[in-house]
Amino acid sequence: MKPRTVENTKFELKFEIGGEGHSFPNLLRRTLLEESSVEFAGYNIPHPLLASPIVTLRTKRRQSNVVLREALEKMLARTEEFRKKFKQAVSDHSVD
Amino acid sequence: MEITIIRKQENIIHFLAEGLDVAFANALRRTMLTRLPAMAIDEVLVLENTSVMYDEMLAHRMGLIPLVTDLESYNLPEECDCEGKGCSLCQCTLTLEKQAGDEEEMVYSRDLSSQDPKIVPALGEIPLVKLAPKQRLIFEAYARLGKGVENAKFQPVSTVSYKYVPIIEVNKDKCNQCGDCVKVCPKNILLVEGDTIATQNTLDCSLCEACVEVCEPGAITIDSKKNSFLFKVESTGALTPEVIVEKSAEIFKERIRLALDYANSI
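Protein chains in written order, with this note's numbering: chain A, 262 to 357; chain B, 335 to 600.
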């Protein structure tokens with residue numbers, strides 16, 4: 262995970278994530294699209310061997326980096342929720 | 335989000351996760367496959383090999399043996415203080431010395447003796463090579479932590495998959511109890527009960543729709559629940575399946591945190 266900015270304006274953000282595959286940018290894209298102020302969110306892997314997806318985000322009304330931050334916080338909260346619930350489910354299961 | 339464990343065996347866990355996105359389920363699956371470190375033999379020093387198998391073939395076979403992994407006491411070589419040169423914190427030595435007697439003898443993975451009692455082959459009965467009488471094998475193997483992205487031998491999971499939760503519906507009015515669907519179902523989910531078709535163990539349904547195809551009156555419909563997934567995680571024996579799921583969630587969180595650091599910096 263080595264993010265690097267390619268383009269950064271108020272409503273448009275383009276960044277490359279070195280060393281990632283599809284798992285991370287795909288989830289990020291889906292999470293970004295949940296937000297109504299997102300006009301466009303997508304990612305592109307220029308070459309399958311390079312493993313550096315380029316995420317593009319275009320927003321309206323709200324600043325793109327703020328939207329990105331919110332989406333990542335949402336992802337973090339969900340993953341943590343999953344981890345906690347899974348742990349709980351495992352300990353509940355061994356009881357019975 | 336709701337998670338229920340359906341079945342838990344020593345090396346397999348089946349669980350139902352409700353209220354999550356496909357992208358999340360897939361990210362988790364991919365993380366388990368490629369980002370979770372596990373031990374595997376990476377370098378082999380062949381001191382003597384008079385068997386019929388070439389050194390490199392033998393080394394390849396050794397690499398594929400799943401080793402019980404201890405994530406707490408070993409570092410990834412790239413994160414180790416020794417800078418990947420190989421020290422006791424990121425490397426474990428296993429040795430094998432065997433000579434066949436007057437009869438041919440099979441060498442198994444259990445014949446490997448490890449320097450660390452915790453890092454041992456997950457299965458002892460994996461055949462490595464068959465030695466003819468008097469043939470000898472002496473080698474030293476170095477195991478290290480690695481990730482699935484690098485080489486599939488480092489994967490701690492053999493299968494990790496998810497499927498949609500099946501919904502099987504039988505229309506009583508259309509059903510003529512011909513029983514064709516019962517015969518065709520590969521998972522034995524359908525059975526004739528009274529004047530209609532009943533279902534059992536619906537979670538086992540593979541959504542093949544063979545029953546829908548064979549059902550003349552069109553009484554059966556197979557649908558799937560959205561945002562609910564049935565996960566199956568099968569470990570190679572390197573780590574327990576619960577640890578695999580939990581650790582990969584942690585690893586994924588760590589990656590999101592790194593991205594968040596970046597988002598905060600712009």
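Backbone N, C-alpha and C define an ideal beta-carbon position, used for all residues, glycine too. The structure presented is a predicted model; accordingly, all values stated were derived computationally and were not measured.
Query, Result
"Chain-ordered chain A contacts of residue 580(B) [CB-CB under 9 angstroms]", "344, 347, 348, 351"
"Residue 320(A) beta carbon near the ligand NAD (any heavy atom closer than 7 angstroms)", "The ligand NAD is absent from the structure shown, which contains no ligand whatsoever."
"Residue burial classification, residue 600(B) (beta-carbon count within 10 angstroms, cutoff 16)", "exposed"
"Close beta carbons around residue 352(B), own chain, < 6 angstroms, minus the five adjacent residues each side", "336, 562"
"Residues bridged to residue 372(B) [DSSP beta-bridge criterion]", "480(B)"
"Cutoff 6 angstroms; reference residue 433(B); Cβ partners in own chain excluding five residues on either side", "470"
"Cβ shell of residue 268(A) (< 6 angstroms), same chain only, five flanking positions each side left out", "275"
"Where residue 598(B) meets chain A, residues with beta-carbon distance less than 7 angstroms", "330"
"Whole-Å CB distance - residue 580(B) paired with residue 347(A), under 8 angstroms assumed", "6 angstroms"
"Whole-angstrom C-beta distance between residue 587(B) and residue 341(A), which should lie under 8 angstroms", "6 angstroms"
"Minimum Cβ-Cβ distance from residue 268(A) to chain B less than 8 angstroms", "no"
"Expected contact under 8 angstroms - CB spacing of residue 488(B) and residue 497(B) to nearest Å", "Contact flag wrong, Cβ pair sits at about 26 angstroms."
"Backbone CA spacing between residue 273(A) and residue 357(B) [nearest angstrom]", "23 angstroms"
"Residue-level contact to chain B via CB, residue 285(A), 8 angstroms cutoff", "yes"
"Alpha-carbon to alpha-carbon, residue 338(A) and residue 325(A)", "20 angstroms"
"Cβ-Cβ distance between residue 265(A) and residue 282(A) below 8 angstroms", "no"
"Bridge partners - residue 426(B), DSSP secondary structure assignment", "477(B)"
"Cβ of residue 279(A) within 8 angstroms of any chain B Cβ", "no"
"Distance between residue 415(B) and residue 354(A) (C-alpha atoms, nearest Å)", "40 angstroms"
"Test: residue 354(A) CB closer than 8 angstroms to a CB of chain B", "yes"
"Sequence-distant residues of the same chain with beta carbon closer than 6 angstroms to residue 286(A), five excluded per side", "304, 314, 316"
"Status (buried if at least 16 other CB within 10 Å, exposed otherwise) for residue 336(A)", "buried"
"Partners in chain A for residue 593(B), counting only beta-carbon separations shorter than 8 angstroms", "262, 264, 278, 285, 289, 333"
"Endpoints, the beta strand (DSSP E) within which residue 286(B) is located", "The structure shown does not extend to residue 286(B), since chain B is modelled only from 335 to 600, so the question has no answer here."
"Through-space distance from residue 347(B) to residue 520(B), alpha-carbon basis", "22 angstroms"
"Residue 435(B) classed as buried or exposed, judged by whether at least 16 other C-beta atoms fall within 10 angstroms", "exposed"
"Proximity test, Cβ basis, 8 angstroms: residue 308(B) and chain A", "There is no way to answer for residue 308(B), as the model of chain B reaches only from 335 to 600."
"Per-residue contacts from residue 337(A) into chain B (C-beta, under 7 angstroms)", "587, 590, 591, 594"
"Inter-residue CB distance, residue 494(B) and residue 567(B) (contact presumed, cutoff 8 angstroms)", "5 angstroms"
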